[in-house]
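Visitor: Just passing along the structure, written as structure tokens.
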Amino acid sequence: MAITQRMRRRIAAEAVDWFLLLQEPPAESDRQSFSEWLLRSPAHVEEYLRVSCAWSLANVVSEGNLESAALVAAAKAAHETDNVVALPGRLARRSPPAVS
Amino acid sequence: MHHLRNDNEANRLLEGLAEGCGNDLVRFIASRLRSVTDARDVAHEAYIRLLRVKRKDLIRDPHAYLYRIAVNILYEFELKKKADALGLARCAECQVDEADFGHPERDVEVLETRKRIETVLGELSPRCRAVFILYRRDGLSYKEIGARIGISTNMVKKYLARGLRHCRERLAELR
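Given below as structure tokens:
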């Protein structure tokens, strides 16, 4: 089955959720669910590797407006509305997908 | 199955895995994936090898298995590529000695990558950017970040996920 762009984005979002959940020492049940998620499709493995790589790359040196204090000041001044745009169907889900 | 040529190096990298998220190993994978023809092939092969791992072992440390397998595959791809290149060079009788080249391209590439990452993070909203960098670079907890910026832990999580999704989309040219 061909992976559509929309499916790929959904998988990427799941991979991100898993990746962040596993940053904190994961519980046995999380490791199990994550393993099963990985084994469900090569596309899951691909996205997880890509997300891991993006995370690894996405670091910046602390200088100028990228210093912690400057970042915090900008964030506080931003008055952003708190409605982070979520992908469709992801609003209701707080944790990575349950094993089906 | 081929293994890492330098097993000490591999073991050192894997020790890092046990302690954290295996950032060294992932950095290695990220640098190699970009030079590989098709990252999808690597992922597909990794999937097949993951299926062969005993479920009980995999669950104990899925990260270690995934990254270790990916590293092995990348090494094999690289070895094959080198062998192919050597074969071609012999045919044409024009073997190129890699040692003759300095690596100015690599320096330029490093600078370009750094600029690109700054651009991509610059595209995030100020709160999203702050959350992402405070967590990723400064290693602050969700709670600490929330307290500094004045938002809930829940929102920290949402901004963090959004930031990483954006990085994934914009830093996707890994091949």
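Residue numbers (the numbering used here), protein chains in the order written: chain C, -1 to 98; chain E, 35 to 209.
Here a beta-carbon is modelled for each residue, glycine too, at the ideal position from N, C-alpha and C.
Owing to the predicted nature of the structure, the values given are computational and were not obtained by experimental measurement.
Rounding to the nearest angstrom, what Cα-Cα distance links E:Ala133 and E:Ala181 in this structure?
Guide: Residue confidence for E:Ala133 is low, a pLDDT of 45 falling below 50, so the modelled location carries little weight and cannot support an answer.
Visitor: So, with DSSP's three-state summary, where would you put C:Phe17?
Guide: Helix, per DSSP.
Visitor: Are E:Val154 and E:Val190 touching if we call contact CB-CB under 8 angstroms?
Guide: Against a cut-off of 8 angstroms, the Cβ pair of E:Val190 and E:Val154 comes out as no contact.
Visitor: Do C:Ala10 and E:Arg202 have their C-beta atoms within less than 8 angstroms of each other?
Guide: For C:Ala10 and E:Arg202, yes; Cβs fall inside 8 angstroms.
Visitor: Would E:Ile82 be called buried (16 or more neighbouring beta carbons within 10 Å of its own) or exposed?
Guide: Exposed.
Visitor: Does DSSP put E:Leu158 in a helix, in a strand, or in coil?
Guide: Three-state DSSP puts E:Leu158 in coil, outside helix and strand.
Visitor: So E:Ile183 is in the alpha helix (DSSP H); what residue range does that whole segment cover?
Guide: First-last of the alpha helix (DSSP H) with E:Ile183: 176 to 183.
Visitor: Pop quiz: E:Ala77 and E:Ile103 are said to be a contact at Cβ under 8 angstroms. What is the actual Cβ separation, rounded to whole angstroms?
Guide: Not quite, the Cβ-Cβ distance comes to about 10 angstroms (not below 8 angstroms), so this is no contact.
Visitor: Measure the C-alpha to C-alpha separation of E:Glu143 and E:Ala195 and round it to an integer number of angstroms.
Guide: Roughly 28 angstroms between the two C-alpha positions.
Visitor: Leaving aside the five residues before and after E:Gly197 along the sequence, list all residues of the same chain whose C-beta is less than 6 angstroms from its C-beta, in chain order.
Guide: Hits under 6 angstroms: Leu158, Cys162, Phe166.
Visitor: Taking just the CA atoms, how far does E:Tyr193 sit from E:Thr187?
Guide: Distance between the alpha carbons of E:Thr187 and E:Tyr193: 10 angstroms.
Visitor: What number of angstroms, rounded off, separates the C-alpha of E:Asp118 from the C-alpha of E:Glu146?
Guide: Distance between the alpha carbons of E:Asp118 and E:Glu146 is about 29 angstroms.
Visitor: For C:Val59 and C:Glu65, what's the separation of their Cα atoms in angstroms?
Guide: Straight-line Cα distance between these residues: approximately 8 angstroms.
Visitor: Rounding to the nearest angstrom, what Cα-Cα distance links E:Arg61 and E:Leu205 in this structure?
Guide: Distance between the alpha carbons of E:Arg61 and E:Leu205: 14 angstroms.
Visitor: Flag C:Glu12 as yes if its beta-carbon sits less than 8 angstroms from any beta-carbon of chain E, otherwise no.
Guide: Closer than 8 angstroms: no.
Visitor: Is it the case that the segment 81 to 95 of chain E contacts the segment 23 to 43 of chain C, given that we only count it when at least three CB pairs across the two stretches are under 8 angstroms?
Guide: With the cut-off at 8 angstroms, the segment 23 to 43 of chain C and the segment 81 to 95 of chain E touch.
Visitor: If the criterion is Cβ atoms closer than 8 angstroms, does the pair E:Arg170 and C:Asn57 meet it?
Guide: Yes, Cβ-Cβ distance for E:Arg170 and C:Asn57 is below 8 angstroms.
Visitor: Using a C-beta to C-beta distance shorter than 9 angstroms, which residues of chain E count as neighbours of C:Glu61?
Guide: In chain order: nothing, as chain E lies at least about 10 angstroms away.
Visitor: Can you have a look at C:Ala73 and say buried or exposed, based on whether 16 or more other CB atoms are within 10 angstroms of its CB?
Guide: Flag for C:Ala73 reads buried.
Visitor: Excluding the 5 residues flanking E:Lys115 on each side, which residues of the same chain have their C-beta closer than 7 angstroms to its C-beta?
Guide: Excluding positions up to five away in sequence, the list is empty.
Visitor: If we cut at 8 angstroms on Cβ distances, does E:Asp172 have a partner in chain C?
Guide: Output row for E:Asp172: interface = yes.
Visitor: Hey, would you say E:Arg74 sits closer than 8 angstroms to C:Glu44, going by beta carbons?
Guide: In contact: E:Arg74 and C:Glu44 (Cβ atoms closer than 8 angstroms).
Visitor: Give a yes or no on whether 8 angstroms exceeds the smallest Cβ distance from E:Val105 to chain C.
Guide: By this cut-off, E:Val105 is not an interface position.
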